[in-house]
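A.B. asks: Here's a structure for you.
Residue numbers (full-length UniProt numbering): 1 to 601.
Shown next, in the form of structure tokens:
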């Protein structure tokens with residue numbers, strides 16, 4: 001099998017091993033079937049969602065449900081479901097692709113879609129018994145039924161395992177009686193089945209249950225929540241009052257609920273990142289069209305440097321995010337294929353495949369959700385007063401983007417998770433952080449080389465710089481682990497700084513590898529704007545790494561150690577040839593302006 005012949009990096013290993021550009025997957029690698037899937041998804045979105053974006057702003061919940069049914073008829077709800085349960089059984093990259101391109105028109109629909117296909121259906125597909133899967137998954141895959149996911153409670157948000165909802169076994173041992181309150185439940189208003197997490201007796205961990213939505217069985221709903229954005233996403237509280245659930249509807253085994261919830265969130269995180277991509281593209285397209293048409297001082301505003309800088313930064317973020325998302329998606333798909341080839345069931349292979357890249361999933365969730373917020377904000381600015389008006393889709397895009405930094409685990413939680421999981425992997429010997437961190441320490445003590453390197457090849461200097469940014473992370477995180485040991489988790493501000501360094505490394509490297517791969521096969525000329533975007537993003541990443549590295553170092557190191565590390569930071573973030581940032585931005589913006597939108601996907 002071809003996949004096994006090239007060594008696939010394990011989750012987190014991007015930090016300590018070099019990745020060859022040929023070994024990463026990019027959007028330019030899509031096959032014909034995937035391209036057709038993308039086109040049909042875009043057609044559906046333009047016809048049913050984008051053309052009616054105002055309906056979603058007017059809290060037209062019925063329209064959200066109607067368009068979900070139409071998506072089901074087209075098979076768009078079933079891409080990740082195995083064929084044996086009525087799905088398309090597509091690979092992980094294809095499921096990312098549909099999630100990406102279906103999610104850009106309105107946050108209301110994309111929330112309904114994500115809640116149904118991801119956390120509403122997937123836990124049954126991955127953890128259900130054969131009987132449970134046969135009973136529920138075909139209906140969910142076709143859109144005949146809709147799913148929802150009941151984890152959050154008034155007292156249990158980020159601390160998901162602290163829920164108070166109880167499940168009590170009946171005397172005859174035939175059913176559980178569930179009592180409790182759940183909140184922020186997406187799709188609650190029209191779903192047929194809930195995945196509910198409850199605690200049995202005084203168990204340490206919660207347990208998952210499949211609960212059919214029957215109002216006569218002690219289930220009541222609160223009113224639709226009034227929200228900043230995602231106006232037509234049905235979001236309600238759900239109350240269970242001695243709701244009877246047959247024992248055979250327990251999902252997986254007793255006490256396994258927390259694990260189910262966490263693994264569902266891993267998939268949810270990378271899918272959420274994908275869901276923020278097309279939103280960025282569409283905002284860039286609208287902003288570019290407007291800037292090309294809007295005349296001020298007798299010239300289209302796109303010709304002004306201040307607007308060009310915005311368009312260039314927006315396009316750069318979208319391009320880099322695509323590179324990182326599809327790189328990780330293909331890693332997951334390859335890992336799943338390896339596990340299946342080794343005899344794992346599809347369920348086990350997918351669970352372990354995604355779990356392997358949990359670090360990357362958290363990185364992507366944070367980075368892309370923050371980029372989409374920045375992009376929508378700049379989109380409003382390009383439109384000026386019209387951007388603030390509800391008559392244009394910019395202000396709704398900005399409001400819809402805001403939730404993406406909160407759900408699927410807040411960005412703060414995900415920042416700490418990314419570093420925490422990496423340290424745990426190192427402890428287990430899955431990623432060798434200690435060796436490289438020690439080597440960086442020794443390098444700091446040594447005499448730096450004053451040779452002028454040969455940077456004549458495309459990206460030679462940039463790749464050298466990325467390798468040094470990795471050293472900054474190893475220096476900062478390595479020292480923090482030595483200093484704080486098992487108490488590292490309590491030092492959240494230091495963890496957040498280390499996490500920001502990690503995020504920038506992954507994204508900058510992903511963009512450079514994507515562009516390098518494409519420059520080799522399509523020629524450098526064809527990739528001029530992409531080369532500029534990769535260089536611009538790295539330039540910005542170096543600034544973030546410098547700032548966050550310094551913040552961490554001055555906060556936990558003192559005296560000689562601090563001086564040594566600050567010198568190291570300066571050395572590791574130093575350019576030999578500084579890029580011309582204005583020229584890079586101009587090149588990117590001129591390309592986007594000429595194409596009248598984002599054309600890099």
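Just so it is clear, CB atoms sit at the ideal spot from N, CA and C, and this is done for glycine as well.
Just so we're clear, the structure is a prediction, and the values are computed from it rather than from any experiment.
Could you pull the DSSP bridge partners for residue 609 from this structure?
C.D. replies: An answer regarding residue 609 cannot be provided, because it is not within the stretch 1 to 601 covered by the chain.
A.B. asks: Bridge partners for residue 221 per DSSP, in chain order?
C.D. replies: Indexing the chain shown from 1 puts residue 221 at position 221. Beta-bridge pairing links residue 221 to 238.
A.B. asks: With a 10 Å radius around its C-beta and 16 neighbouring C-beta atoms as the bar for buried, classify residue 500 as buried or exposed.
C.D. replies: In the chain shown, residue 500 corresponds to position 500, counting from 1. Classification for residue 500: buried.
A.B. asks: Where residue 432 and residue 441 are concerned, what is the direct C-alpha to C-alpha distance, given to the nearest angstrom?
C.D. replies: To locate residue 432, count along the chain shown from 1; it is residue 432. To locate residue 441, count along the chain shown from 1; it is residue 441. Note on geometry: alpha-carbon atoms of residue 432 and residue 441 lie some 15 Å from one another.
A.B. asks: Between the Cα of residue 16 and the Cα atoms of 505, 25, 137, which residue gives the shortest distance?
C.D. replies: Within the chain shown, the letter at position 16 stands for residue 16. Taking only the C-alpha atoms, the option nearest residue 16 is 505.
A.B. asks: Which whole-angstrom value describes the C-beta separation of residue 354 and residue 273, a residue pair presumed to lie in contact below a C-beta threshold of 8 Å?
C.D. replies: Position 354 of the chain shown holds residue 354. Position 273 of the chain shown holds residue 273. The pair is not a contact, with the Cβ atoms about 13 Å apart (cut-off 8 Å).
A.B. asks: How many Å lie between residue 104 and residue 314 at the Cα?
C.D. replies: On the chain shown, position 104 is the one that residue 104 refers to. On the chain shown, position 314 is the one that residue 314 refers to. One C-alpha to the other measures close to 15 Å.
A.B. asks: Inspect the CB distances between the segment 120-140 and the segment 341-361 and report whether three or more fall short of 8 Å.
C.D. replies: Segments in contact, yes.
A.B. asks: Could you tell me whether the segment 373-381 touches the segment 440-460, where touching means 3 or more Cβ pairs closer than 8 Å?
C.D. replies: no
A.B. asks: Can you give me the Cβ contacts of residue 244 inside the same chain, cut-off strictly under 7 Å, excluding the 5 residues immediately before and after it?
C.D. replies: Position 244 of the chain shown, counted from the first residue, corresponds to residue 244. Taken in chain order, the residues that qualify are 175, 177, 217.
A.B. asks: Would you call the segment 335-346 in contact with the segment 317-326, where contact means no fewer than 3 C-beta pairs closer than 8 Å?
C.D. replies: No, they do not touch.
A.B. asks: Would a C-beta distance cut-off of 9 Å place residue 360 and residue 14 closer than the cut-off?
C.D. replies: Within the chain shown, residue 360 is the residue found at index 360, counting from 1. Within the chain shown, residue 14 is the residue found at index 14, counting from 1. Their beta carbons are under 9 Å apart, which means residue 360 touches residue 14 by this criterion.
A.B. asks: Looking at the secondary structure, which residues open and close the beta strand (DSSP E) in which residue 207 lies?
C.D. replies: Along the chain shown, one-based indexing puts residue 207 at 207. For residue 207, the enclosing beta strand (DSSP E) covers residues 207-212.
A.B. asks: In whole angstroms, what is the alpha-carbon distance linking residue 489 and residue 8?
C.D. replies: Here the question's residue 489 lines up with position 489 in the chain shown. Here the question's residue 8 lines up with position 8 in the chain shown. Straight-line Cα distance between these residues: approximately 29 Å.
A.B. asks: Excluding sequence positions up to five away, which residues of its chain have a Cβ less than 6 Å from the Cβ of residue 477?
C.D. replies: On the chain shown, position 477 is the one that residue 477 refers to. Closer than 6 Å at the Cβ level, and outside the excluded window around residue 477, lie 498.
A.B. asks: Along the chain, where does the beta strand (DSSP E) that runs through residue 99 open and close?
C.D. replies: The residue you call residue 99 lines up with position 99 of the chain shown. Unbroken run through residue 99 is the alpha helix (DSSP H), 92-102; no beta strand (DSSP E).
A.B. asks: To which residues does DSSP link residue 181 through a beta bridge?
C.D. replies: Translated into the one-based positions of the chain shown, residue 181 becomes position 181. DSSP, once it has assigned bridges, lists 239 as partnering residue 181.
A.B. asks: Looking at the structure shown, is residue 169 part of a helix, part of a strand, or coil, going by DSSP?
C.D. replies: Counting from 1 along the chain shown, the entry for residue 169 is found at position 169. Here residue 169 sits in strand by DSSP.
A.B. asks: Nearest by alpha-carbon distance to residue 316: which of 510, 34, 297, 424 is it?
C.D. replies: As a working mapping, residue 316 is identified with position 316 in the chain shown. The residue with the shortest Cα to Cα distance from residue 316 is 510.
A.B. asks: Taking Cβ to Cβ, would you say residue 586 is nearer than 9 Å to residue 312?
C.D. replies: Counting from one through the chain shown, the residue named residue 586 turns up at place 586. Counting from one through the chain shown, the residue named residue 312 turns up at place 312. In contact: residue 586 and residue 312 (Cβ atoms closer than 9 Å).
A.B. asks: Buried or exposed for residue 173, going by 16 or more other Cβ atoms inside 10 Å?
C.D. replies: Start at 1 with the first residue of the chain shown, and residue 173 comes out as number 173. Residue 173 is exposed by the Cβ-count criterion.
A.B. asks: How should residue 482 be labelled, buried or exposed, when 16 other C-beta atoms within 10 angstroms of its C-beta is the threshold for buried?
C.D. replies: Within the chain shown, the letter at position 482 stands for residue 482. It counts as exposed.
A.B. asks: When we look at the beta-carbon of residue 12 and count the other beta-carbons within 10 Å, is it buried (16 or more) or exposed?
C.D. replies: Taking the chain shown and counting its residues from 1, one reaches residue 12 at position 12. When all chains shown are included, residue 12 counts as buried.
A.B. asks: Where does the unbroken alpha helix (DSSP H) through residue 127 begin, and where does it stop?
C.D. replies: Position 127 of the chain shown holds residue 127. From DSSP, the alpha helix (DSSP H) with residue 127 extends over 122-127.
A.B. asks: Whole angstroms are fine: how far does the CA of residue 564 sit from the CA of residue 156?
C.D. replies: Taking the chain shown and counting its residues from 1, one reaches residue 156 at position 156. Taking the chain shown and counting its residues from 1, one reaches residue 564 at position 564. Rounded to whole angstroms, residue 156 to residue 564 spans 43 Å at the Cα level.
A.B. asks: I'd like to confirm the pairing. Which residues does DSSP put opposite residue 194 in its beta bridges?
C.D. replies: The residue labelled residue 194 in the question sits at position 194 within the chain shown. Answer by DSSP bridge pairing, in chain order: 148, 211.
A.B. asks: Taking residue 165 as the reference, which of 193, 146, 208 has the closest Cα?
C.D. replies: For the purposes of this step, residue 165 is taken as residue 165 along the chain shown, with counting starting at 1. Nearest option by C-alpha distance: 208.
A.B. asks: Inspect the CB distances between the segment 187-195 and the segment 287-300 and report whether three or more fall short of 8 Å.
C.D. replies: no
A.B. asks: Looking only at its own chain, which residues have a Cβ that is under 6 Å from the Cβ of residue 59, when we skip the five neighbours before and after it?
C.D. replies: Translated into the one-based positions of the chain shown, residue 59 becomes position 59. Once the five neighbours on either side are set aside, the close Cβ partners of residue 59 are 231, 232.
A.B. asks: Excluding sequence positions up to five away, which residues of its chain have a Cβ less than 6 Å from the Cβ of residue 394?
C.D. replies: By 1-based counting over the chain shown, the position of residue 394 is 394. Taking residue 394 as the centre and dropping the five residues before and after it, the same chain places the C-beta of 379, 380, 383, 387 closer than 6 Å to its C-beta, in chain order.
A.B. asks: Less than 9 Å between the beta carbons of residue 151 and residue 269, yes or no?
C.D. replies: Taking the first residue of the chain shown as position 1, residue 151 is located at position 151. Taking the first residue of the chain shown as position 1, residue 269 is located at position 269. The answer is no: Cβ separation not under 9 Å.
A.B. asks: Using the Cβ count rule (16 or more neighbours within 10 Å means buried), how would you classify residue 55?
C.D. replies: The residue labelled residue 55 in the question sits at position 55 within the chain shown. Per the 10 Å Cβ criterion, buried.
A.B. asks: Could you compute how far the alpha carbon of residue 275 sits from the alpha carbon of residue 102?
C.D. replies: Here residue 275 refers to the residue found at position 275 when the chain shown is read from its first residue. Here residue 102 refers to the residue found at position 102 when the chain shown is read from its first residue. One C-alpha to the other measures close to 8 Å.
A.B. asks: Quick check on residue 583: buried or exposed, where buried means 16 or more other Cβ atoms within 10 Å of its Cβ?
C.D. replies: Along the chain shown, read from residue 1 onward, the residue named residue 583 stands at position 583. Flag for residue 583 reads exposed.
A.B. asks: Considering only C-alpha positions, which residue in the set 43, 57, 422 is nearest to residue 605?
C.D. replies: Residue 605 lies beyond the range of the chain shown here (1 to 601); nothing can be said about it.
A.B. asks: Under 9 Å between the Cβ atoms of residue 37 and residue 122?
C.D. replies: As a first step, residue 37 must be located in the chain shown, where it is residue number 37. As a first step, residue 122 must be located in the chain shown, where it is residue number 122. In this structure, residue 122 does not lie closer than 9 Å to residue 37 by Cβ.
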